Amino acid sequence: MTLGRLPSVALAAILVAAPGLIYAAMAQTQSDTPAPDRGRGAIIAAQGTASGAPACALCHAFDGASDGSGAFPRIAGQPASYLATQLGYFASGVRNSAIMSPIGKALSAEDVAAVTAYFAELDVPFLPLAQPDETLVKAGQELAKVGNAARGIQACDNCHGPEGAGEPPVIPYLAGQYASYIAFELQMWQSGYRTSSPEEMAPLAAKLTAEDVAAVAAYYQQVRGSDAIVAPQ
Amino acid sequence: MADVLQSVDVVTIGVGLTGTMAALELGKLGLKIVGIESGAPRETVPDFQSPAIHDELRFSIRKAMMQDNVKQTVTFRNSSDQTALPIRRWQSFLPGTGLGGSFVHWNGQTYRYQVADFIYKTHLAERYGANFVEQCGPELIVQDWGVTYDELEPHYDRFEYLLGTSGQAGNINGQIVPGGNPFEAPRTRGYPTPPMKEPYFGAIFRKGADSLGYHPYPQPSSNLSQPYTNPEGLELGQCVFCGFCERYACEHFAKASPQTTMLPVLLKMPNYELRTNCQVLKINLDSTGTQATGVTYADATGHEYEQPANLVLVTAFPLNNVRMLLVSGIGKPYNPTTGEGVVGRSYSYQTTGGATVFLDESININPYMASGANGTVIDDFGGDNFDHAQLGFIGGQYVGAIMTSGRPIENHPTPSGTPAWGLEWKQAVARHYNHTILVGQYGTSTSSRLNYLDLDPTYKDAWGMPLLRMTFDFPENDIRMSQYIADKVVQIGQAMGGTSIIRGGTTRPYTTTVYQTTHNAGGAIMGADPNTSVVNRYLQSWDVHNVFSLGGSAIPQNAAYNLTDTVGALTYWALDAIQNQYLKSPGPLVPK
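Which chain is which? The protein sequence lines are A and B, in order.
The letter at position 146 of the first sequence is residue 146 when you use my numbering, and the numbering goes up by one with no holes.
Every position in the second sequence, counted from 1, becomes a number in my numbering once 233 is added.
Structure (C-alpha cells):
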C-alpha cells in the first residue's frame, strides 16, 4: 500500500461502510489462523518455488510494481485476499492464462498466503510513464467518477472506492494500475474470455465502447490517490 | 391568480411508485400526461454516487430523502381527547420525497398478501363465528377489500417481473414447493430471479426455526440476486451487499425503484411531461362537485398554476393521498363520534418489534454485509396461518432474521442492563456488535373506530394548507397478538443459541419518536360499499368518477406483510380497469 493511497483508503473507510469496529471484528475473525509468513513470500517472489512456480519478480518485479510495459499488472499494495482469490481463479481456470494458470496450480495454499501477504504490504513508488492524452483522461474520469446516465453505467468508483483506491479485502485498486492491463482485462470480459465476476464486471464491461475502455484505462493509470480527494457534497 | 395551462388527458399527483406506473401504462396508449412531483428530480447517475450516497449522518439520521418537515408534516396524537402536535422530525415512519418517492429508499422486501387477507371479514366470520372480531375488540373495523386474491394474482405477477424480484416460490398453482413459504397464496409461476444467498444470520435463524418445526424460507427481495432485464427492457444489476438500502438510494442499479425499472422509458415518451418541485394544492371540481376539472399547483417560486385534466390520479404517499382528498372535498370525511363518513377512516399501520439475540463471541455475524431484504423468515405466525379460536385476538406476524445493515451510528446492540453511554457501553458494543442477531416481528395492524386521519384545525403547511392530523394507537388486540408471538420468538432465539435475549413485541402507547415502519396504510380505503369505503374496487372515487386514488391508502386493514408488492398489484389492477373500461366509457365503474 503506497503512502499516497493511504488517505483515500482511510477516507473510504470512514465514508463508505466501515467503522473501526468492523476492522476490529475482522481482526478478531482472522486471529484464529496463523499469520502468513511474509519472509517466505519474499523468497517465492524472488526465487519461485520448488514445485515449479517461477519467481514472481520475473514479470511483476520484486517490489510488485511490474515493469511499466503494462503487460503485467501492478500488484504492490493490492489486498492479499484479492490476490489470493485471483490466484485461485487462475488455478481453476476461471481466469485462464497460459502464464498464470500453471503458476496458480503450482502454489500451495501456504505459498499463496505468504506471497500475497508479501505483495499486499509493499509500498513502492510509481514508475515514470509517458504523458497521458488529457482528453482521454477527462473522458475516463467522467465515467470513473460519475458514470453515464443515458447508458445506465454506474461510476467505477462506486465499487472500486473513491479515486479507484480499492475496497479491501475484496475489490482491487485501480488507481495507478497500468492502462494496458485495465484495457486488456475489460476486453477479456467483453469477449467472454474472463469469467470471474460474471454478475458485476461482465455486464458492466459489455456496456463499454472501445473509447470508454481506453478512457477509463488512461484515467486510472495516472491517478495517484492523494492528489484529488474531495469531500462529498 | 393561477395561470391556466393547456388541458391534458391525465395528471398524476406525485411521481413515485404508483405515479410512475400509471404514467408509463397510460402513456403507452398515447395519452398526454403530466406528472407533478413535489420533490426534486434525481437519477441513479449522477445523483446516487458512492461514497456520498453512503453518508449515514445525512441520510439515516438527518433523513435527506424524506419530506421536509419544515414545509410539510403530519400532526399526531394518540387519542381524540388529546391535542395533536406536528411531527417535527420523521422517526416512526419516513415519507419520502423526490422523483421516485419512497420507492427509492425502500428496503426491497416484496411480499404478497394472502387469500384470506382480501376477504378478511368473511374469512374470520366463517372460521371463528360472526361475533369473534367483536369479542377481540369492540372498536375494531374489519372489512373485505372488494377485490380477491385471484383477481390480483396476474397483477402481482406482472409487478414482480417488472421489479425482477428474487425469491423462492412456496406454492405454484396449489403445489407446495420445497424451500419456499408453504403458507403463501398460490402463484402461477416462480419469481423472476432466484433467492438471494442466505446470510449467516439467516442460516442461524433457519436452524433455530427448523428445530422448532417451523417453515423458514428466504425473504423475497427486490434487491436482485443476479442481473435482470425487465419487460420494459431496463437492465438491473446484482446486489453487492453494501448494507445501504433503507433510507438510501442504490448506486448499483440493483434495487428495484422507479429509476431502475420504469423512469428511463417513461421520461423518453414525448407525451409525458414531468414537473418537479411543484406542490399540488388541491384537486379542482366542477360546479356539481361530481367531476374533477384538474389540479392547482404551486411551482418552486410559489407561483400558482391550474392544470386542467380529464383524469386525476392521486399517486402520493398514502398519508398525502388522504390529505389531498380531504382538502379537495372529495368524499365525506370520517366522523369518529357518529362513525359516519369515510375519508380518513380505517387508518392502519403495521405492528413491529422483535427480539435481540446475543450470541457467543465465536460466532461472527458480519452484519455490515447486508441488503435491505436479505434474510430468512417464517410465516407460521403470519395473518391467520394459525388457529386463533382460543387466543382472543385476530392477526399475526411474520418473523425473521432480516438484518438490513451494520451501519455504525444506528447499530450498536447491547444487552439489558448495559449503561447507555460511557466506557462500559463502548465495551459492550465492541463485544456484541458482530455477535448479535435481530429477529424481527412484522405484522397485522387492525383498523379501529378510534384511529383516523383528518385535517388539523390549527397547523398549516408552507403553502397555507391544513396539515393532516393522525389520531392513532395500537388496539389492545394487536398488542395481545404481538406479545403472544414475542414469546415464540424468544423460544426461537434460544434455539438459535442466544446467550441472552431481549424480548420484543409491540407495546402501547404508540409513539412517533422511534422508527417502526413506513407502511402507513388506509385512510382512503377500497371496498364494495360506498358507506364504508372511499374508492370502489377499482380504486375509483365513489363520488368523483374521474379521480382514482392509488396506493397504500386503499388498504382497509394492514395484513402482516410489507405492502409494496400489494400496492403494485392494486395499481396494475386499477390501471387495467382504467384502460379497458373507464377510457372507453368514462363514468362510475361500479354503481353507487
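We treat Cβ as the ideally placed atom computed from N, Cα and C, and that holds for glycine.
As the structure is a prediction and not an experimental result, all values here were calculated from the model.
Around the beta carbon of Arg151 (chain A), a 10 Å sphere encloses fewer than 16 other beta carbons of the protein chains shown; the residue is thus reported as exposed. Sixteen is the threshold: since fewer than 16 other Cβ atoms of the shown chains lie within 10 Å of the Cβ of Glu594 (chain B), the residue is exposed.
The region 324–405 of chain B contains, as complete alpha helix (DSSP H) runs of 4+ residues, the segments 348–351, 353–361, 365–369, 382–396 (chain order).
The C-beta of Glu367 (chain B) has fewer than 16 other C-beta atoms within 10 Å across all chains shown, which makes the residue exposed. In summary, no residue of the region 538–559 of chain B has a CB separated from any CB of chain A by less than 7 Å. The DSSP-derived three-state label of Gly252 (chain B) is helix. Straight-line spacing of the CA atoms in Ser313 (chain B) and Thr704 (chain B) works out to 7 Å. Distance from the CA of Thr421 (chain B) to the CA of Gly407 (chain B), rounded to the nearest whole angstrom, comes to 9 Å. DSSP places Gln187 (chain A) inside the alpha helix (DSSP H), whose first and last residues are 179–191. For Glu211 (chain A), no Cβ of chain B is located within less than 8 Å of the residue's own Cβ. When beta bridges are read from the DSSP output, Thr529 (chain B) appears opposite B:Lys515, B:Glu539. Listed in chain order, the positions of the region 466–498 of chain B with a beta carbon within less than 8 Å of a beta carbon of chain A are Leu467, Glu468, Gly470, Gln471, Val473, Cys475, Gly476, Phe477, Glu484, His485, Phe486, Pro497. When DSSP assignments are scanned along the region 80–154 of chain A, the uninterrupted stretches of alpha helix (DSSP H) that are 4 or more residues long and fall wholly within it turn out to be 80–92, 100–106, 109–120, 134–145.
Annotation for Lys693 (chain B): the continuous beta strand (DSSP E) segment containing it runs 685–693. In the same chain as Arg578 (chain B), and ignoring 5 residues on each side of it, the C-beta atoms closer than 6 Å to its own belong to Tyr567, Tyr685, in chain order. Phe591 (chain B) is bridged by DSSP to B:Thr669, B:Ser733. With respect to the C-alpha of Asn302 (chain B), the residue from B:Ser293, B:Leu290, B:Ala802, B:Pro319 having the closest C-alpha is B:Pro319. At a C-beta separation below 9 Å, Thr277 (chain B) has these neighbours in chain A: Gly147, Ala149, Gly152, Gln154. Apart from sequence neighbours up to five positions away, the residues of its chain that approach Pro569 (chain B) with a beta-carbon distance below 8 Å are Ser313, Arg682, Leu683, Tyr685, Thr704, ordered along the chain. Sorting A:Ala214, A:Leu204, A:Ser197, A:Ala205 by C-alpha distance to the C-alpha of Arg95 (chain A) places A:Ser197 at the top. One Cα belongs to Leu518 (chain B), the other to Trp806 (chain B), and the distance between them is close to 26 Å.
For Arg702 (chain B), the enclosing beta strand (DSSP E) has its first and last residue at 699–704. Legend: CB atoms of the region 442–461 of chain B lying less than 7 Å from CB atoms of chain A belong to residues Gln459, Pro460.
About 4 Å separates the beta carbons of Thr116 (chain A) and Ala80 (chain A), which is inside the 8 Å limit, making them a contact pair. Comparing alpha-carbon positions, the option among B:Pro428, B:Gly564, B:Thr739 lying closest to Ala757 (chain B) turns out to be B:Gly564. Exclusion of the five residues before and after Thr647 (chain B) leaves Trp658, Ala661, Val662, His665 as the residues of its chain whose Cβ lies within less than 8 Å of its Cβ. Taking Met602 (chain B) as the centre and dropping the five residues before and after it, the same chain places the C-beta of Phe474 closer than 6 Å to its C-beta, in chain order. Under the DSSP definition of a beta bridge, Met759 (chain B) partners with B:Val768. Closest option to Pro415 (chain B), judged by alpha-carbon separation, among B:Glu386, B:His448, B:Asp383: B:His448.
Residue pairing from DSSP places Phe781 (chain B) in a beta bridge opposite B:Leu546, B:Gln773.
Between Leu499 (chain B) and Leu257 (chain B) the beta-carbon gap is near 5 Å, inside 8 Å, which marks them as a contact. Val777 (chain B) sits away from Thr526 (chain B), with the two beta carbons spaced by 8 Å or more.
Within chain A, no C-beta atom comes nearer than 8 Å to that of Pro699 (chain B); the closest sits roughly 35 Å away. DSSP places Phe72 (chain A) outside any alpha helix (DSSP H), giving it a letter other than H or E. The distance from the Cβ of Thr584 (chain B) to that of Ser715 (chain B) is about 5 Å, consistent with a contact at the 8 Å cut-off. Segment contact: the region 115–130 of chain A against the region 434–448 of chain B, fewer than three CB-CB distances shorter than 8 Å; contact not assigned.
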